[in-house]
Structures are given as structure tokens and as C-alpha cells.
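Heads up: the structure comes next, in C-alpha cells.
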Amino acid sequence: MSALLEISDLDVRFDLPDGEVHAVKNAGLIINPGECLGVVGESGSGKSQLFLAAFGLLAANGRASGSVKYRGEEILGTSPQRLNMLRGSAVTMIFQDPLTSLTPHMKVGAQITEALRLHRNVPHTEAEKQARAMLDYVRIPESARRLNQYPHELSGGMRQRVMIAMATITGPDLIIADEPTTALDVTVQAQILEILRNLKDEKHTAIAMVSHDMGVIAGIADRVQVMRHGEIVESGGADEIFYAPRHAYTRMLLDAIPKADESPSPVTDIGAPLLTVDDLKVSFPIKNGLFAPAQTLRAVDGISFTLHQGETLGVVGESGCGKSTLARAVLQLLPKTGGRVVWLGRDLDAQTQSDIRRLREDFQIVFQDPLASLDPRMPIGVSIAEPLKALEPQLRRETVRQRVRAMMQRVGLEPGWINRYPHELSGGQNQRVGLARAMIVGPKMLVCDEAVSALDVSIQAQIVALIRNLQAETGLALIFISHDLSVVRRLSHRVMVLYLGRVVELAPSAALYADPRHPYTRALLSAIPTPDPRIERAKTRLLLTGDLPSPLDPRAQLTFLKSRLGEPGYRPKLEQVAPQHFVAEHD
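Read left to right, the sequence shown gives residues 25 to 611 (my numbering).
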């Protein structure tokens, strides 16, 4: 069988003001018709630049050398006209962020039919018919209506499906999927991967799957190439890479992935709860026009739970389910519309703002994006010291500096970096700064809001291990918010699953993962990619159809209780099905 794409000795360099960056170093790969090649590695490994260079899409300051052959034809350095005939027709790409890849002022239908009319000379009416059929193929409901919508009117999952439709409609030989599921919820990710698997199996389309997620690669790739620092360090069949890795970096990537049976050590000596949340509600008025009456969006709709010293409560659910709103309301960073938050027996509603300010020593938060939560104009030492200066103003400057240095060392930061700025550190190092800033006042409770979601798997493992160590040393209580159920399992003693602002399941971690009772929980767990090709091939997937319903729809809460659809105001009740195991009513 002759190769569809053959890359050899590809070298990519970029000229920057502070020197040259050698992004890809003598890389080579082969993709055969109808197969999926997984290209895996962490951020900055050169995965994306490898394929951008191969098809003439490098930035102006980049240059490439070597050989790239498509069906035996050398295309590296060929004319733009020839590349334009190839790109979008025989070879297409799916990018990581569909919102920046789609043209915001063009309707979805026009963007999908553009490739057909340009490369296949298909008449407008026939092109629209094919576009609608393609939207049906990628499981977008109401395809006729979607053709006349703009990208901003669609959800992230819908936009990514539009990108797949655009990449597929010309019947390409090869699709390059560059991190196509990274920004998506786990259930939407499962739907996208299923579509790509079907393209490979039904249409015999070759796929280059670029990802940092070994679980995603395990579920779709026939062969795997591992990249690090611009070099391909290991190549082989999927089974060979996953079951008998030879390179130390490949083994490190696999070891860093949360294991299915990994769980935290049990909590001992649980006393009175630190935090009690009772029927908490947070609503926002949403106006749909100048004269239209405001609708009520119930972001948090009656959530209750307790948290004990030394315990970790995992909070999981898809984007828009109310996880972050819940955390901010508990920490008194958002006004609530109902319910009670009790901290160490004190109702926080009854406290003055100065009382709440003093209590901030007891509860702190670590945000998802460390760069966005750190002041770029401040050295990291000043950022870490800020809570001390605000909450313990009596401390002398030298004492503050000593405590900052001690905390930096504790979280794995070199104390000598105290005068560095956030842009001089990596993402993982900046997240350690965020942890140091939160921990320096010795809180009793820490809220981690997607604190590891933006990190590479090896850095993620380091931060999770650090959080566990800090908890073991201090008896810290944790609310750990994440859409990644594998990470939640690694840390949490109990897990609370949210769906559109309500709890659908709350149980001890081991019980929830071994015996999920609610259909939404089962779908979330089924959607988790497993870094084991044999398990992924044999897995029966419970796919949710479509996207989350609108939280403005009063019937949205009854998605899993359709027998009550005639009662739009009804809210499914939590029922105890086992010791400490609560499940919302469902059909």
C-alpha cells in the first residue's frame, strides 16, 4: 500500500527577537489510507507546527526544510496555488478552537458550502442540500435551522461539529484533527470522537489525531508517535506504545494519567462539619430584548451539602451546570437568592462585611487560569504576600518575606524566584504560585475551581500530588471542582454531580464510580477516555444526544424525568439509595 502522506527529515525554525526557536527537529512520519495516526505530546512539543509546516501554514517568521509527499508528490515549498487546490479538498483540518476558526459574520451554511463550491463546483442548491445532510451526519439537530445561524449562536460542541462537517463535506482523503476535543466537556468529547471513528470506519478517511490526551489517542489511533521538544521520541502500534513503551518520556506520560482504581486515603476522625450549605439558590435575570420581560436563570437551584475537616468533596458536571457559581456563592463572592451557608456554626448571612473579611483567612480559592488571576505587573512574591498584607496587616515586612519564601519552597517553587514575574514562569509554576497565595494564610478550607484543567498531564499530576500533600499536612478541607472525573477520583472522598444547577447524585467516591445510579452520572463516566486501547475498543458508550438544554427552559430539569414534563415547575427530589448515597428522581 502506498503512503497517503509521507514526511521525512522535516525541520521547522522560527526567528524571534530574542533568538531562533527550533520547533520541529528532523521529524518523519507516514500515514496510510484509512488509518488513524495519533501524534501525542505536551504543550510546546511541536505537534501542531509539524502539520502546519507540512501544508504551508507556518507563520511569516517560520521556515521549514525536509520533505513532505502527498500521494508521492512533493508539496513542501510548492506553489500556493497548488496548496490551495489540496487544502480544503483532499486534505482538511479541524482546529482546537472552533470559535476562532469560523468566520463570525458568515452564516454556518455559507461556511460549509464554501469548500464544495470552490473545490467541486457544486451548484448553490445542491451544496445546501449536501450541507444539511452533513449536519445530520455529525448529529446536529434541526440542521435546516442551523444553516442560517451564526457561529456565536451555537454551543462549543455544536461549533466543533460544524468544523467537522466543513472538513468532511468534500470527501477528503486525510483529516488533520488538531486537539479537536480539548476545550469540550467529556460528554461532548465522546460524541466528537464517535463521529471521527465513524468517518474512519464508514468513509475510510485517514485521520492524524493530534492530542496531549493519551486516553483520546487510545480510543481512536491505529499507530502512535510521541513527540517531545520537537523530536519524535517513540513510534509504534497503539498496543505497543501503551503496553510496552520503551522511551522514558512515554512511560512518564502514561504514569501521569489518573488510574481507574486510584483513590485518596480515607478521612479519619471526622468531627463536626466545617461547612453546611442548605438549599442554596443563585439566580440571574436575563433580558432578551429592550421591552421583553426578564427571564430567570437559576444557576444554582437548591443545593445542599456538608464538608468536614480533612475531607475533599469533588464537584463535577458539564459547563453551565453551576459549579463555579456554587463556589463563589459559598465564598460570599456572589449574592445568593436563597438558602443558608453556615461556617463553623456561624450563619454567614448574619455577618457584617468586616466579619466576612476576617473570615477570609479560613477559606481561599485557586482559579483555573493562573495567568488571568495573577497581576502581570507584580512579582510573584508580592502576589503571594497580598493575602498576608490584607488579612494580617500587623506583620513586619521581613516576617512577610520569610513566610513567602517558606511557602514557595513548600509548594515546590525556588525561593530565589521571588522577584520573577508571571510571564517568566510556566503554566504549572504559575499554578503553584496560585496555591501558595491561597495557602499562605493557613486556611481551613480551599476551593479549587478547575485548578488543573489547563495543565499538561505531567504537570497536572504534580499539582494534584501537591494538593494531596498539603491536605495531609494541614487537615485542609477541599472543594475540588472539575469536569475531569479521573482527576476528581484521584482526590475526592465524596463526589457531587451537578446538572443544570441541581444535584443529581451525591455519594462516597468509591460507591459513585463503582455503582453510578443516575443516567447522567453513568453517561459522564462512560465518556471518560481510558488510556488502554483494548478497553476503549470494547467499551459500550452511553452517549447523550445533543447539547445541554437551556437553563432558561423550566422543563430542562426534567430531562431525565420525562414522566413529569406536564409539571414544568417540578424539581426532581434526592432519594437515599444506600448509606450516604443520594440520587435524584429519574425515569
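Where is the CB? At the ideal position from N, CA and C, for every residue including glycine.
What number of angstroms, rounded off, separates the C-alpha of residue i from the C-alpha of residue j?
i	j	result
Thr292	Ala496	Only weak support exists for where Thr292 lies, its pLDDT of 48 falling under 50; the coordinates are left without a value.
Met463	Ala547	35 Å
Gly436	Ser125	38 Å
Pro57	Thr349	47 Å
Pro578	Pro592	5 Å
Gln426	Ile404	14 Å
Asp35	Asp121	26 Å
Gln600	Ile310	35 Å
Arg429	Val234	40 Å
Val115	Arg87	21 Å
Glu258	Ala51	11 Å
Gly180	Leu123	8 Å
Ala155	Pro165	13 Å
Ser378	Ser533	37 Å
Asp611	Met431	51 Å
Lys413	Val424	8 Å
Glu32	Asp393	The sequence shown places Ser at residue 32, not Glu. Between Ser32 and Asp393, the C-alpha separation is close to 37 Å.
Ser477	His447	19 Å
Pro596	Gly344	19 Å
Gln388	Ile55	49 Å
Pro555	Ala47	27 Å
Leu638	Tyr267	Beyond the ends of the chain as shown, which are 25 and 611, falls residue 638; an answer cannot be given.
Arg111	Phe329	53 Å
Ser407	Arg561	47 Å
Leu470	Leu524	24 Å
Do residue j and residue i come within 8 Å of each other at the CB atom, strictly closer than that value?
i	j	result
Leu53	Leu40	no
Val390	Gly458	yes
Asp302	Arg364	yes
Ile200	Ala232	yes
Ala353	Leu304	yes
Glu59	Arg247	yes
Thr612	Ala551	Lying before the first or after the last residue shown, residue 612 is absent from the chain, which here runs from 25 to 611.
Val465	Glu410	no
Ala230	Leu198	yes
Leu576	Leu582	no
Thr298	Leu208	Per the sequence shown, residue 298 should be read as Leu rather than Thr. Contact: no.
Ala531	Gln604	yes
His228	Val64	no
Thr192	Leu142	no
Met276	Asp202	no
Val240	Pro553	yes
Ala157	Thr137	no
Val521	Tyr544	yes
Pro196	Ser113	yes
How far does the beta strand (DSSP E) with residue i in it extend, from its first residue to its last?
i	result
His143	From DSSP, His143 is part of no beta strand (DSSP E) but of the alpha helix (DSSP H) over 132 to 143.
Gly80	First-last for Gly80: undefined, no H or E at that position.
Ala268	Taken as a continuous stretch (DSSP letters only), Ala268 belongs to no beta strand (DSSP E), as it is neither H nor E.
Val115	115 to 118
Met9	Residue 9 lies beyond the residue range present for the chain, which begins at 25 and ends at 611; the question has no answer from this structure.
Pro336	As written in the sequence, residue 336 is Thr, which differs from the Pro given in the question. Unbroken beta strand (DSSP E) run through Thr336: 336 to 340.
Ile389	387 to 390
Identify the continuous alpha helix (DSSP H) that holds residue i and give its terminal residues.
i	result
Gln418	That residue, Gln418, is in no alpha helix (DSSP H); it is neither H nor E in DSSP.
Asn50	Segment 43 to 55 is the beta strand (DSSP E) holding Asn50; no alpha helix (DSSP H) there.
His148	148 to 161
Arg595	That residue, Arg595, is in no alpha helix (DSSP H); it is neither H nor E in DSSP.
Leu536	533 to 538
Gln213	210 to 226
Val488	481 to 498
Leu502	No alpha helix (DSSP H) holds Leu502; the beta strand (DSSP E) holding it covers 501 to 506.
Met109	104 to 110
Val511	509 to 515
Looking only at DSSP bridge pairs, what is residue i linked to?
i	result
Tyr94	Leu29, Glu97
Ile231	Cys60, Ile199
Glu258	Val250
Leu331	Leu299
Asp35	Ser89
Trp367	Leu299, Arg370
Tyr523	Arg526
Ala608	Leu598
Pro309	Thr320
Original post:
Does the region 246 to 256 come close enough to the region 66 to 73 to have 3 or more Cβ pairs within less than 8 Å?
Top reply: yes
Original post:
Taking one C-beta from the region 181 to 193 and one from the region 211 to 224 each time, how about it: are there three or more such pairs within less than 8 Å?
Top reply: yes
**OP:** Report yes or no: do the region 511 to 520 and the region 484 to 492 share at least 3 C-beta pairs separated by less than 8 Å?
**Re:** yes
**OP:** Inspect the CB distances between the region 130 to 145 and the region 170 to 179 and report whether three or more fall short of 8 Å.
**Re:** yes
Original post:
Does the region 106 to 121 come close enough to the region 73 to 81 to have 3 or more Cβ pairs within less than 8 Å?
Top reply: yes
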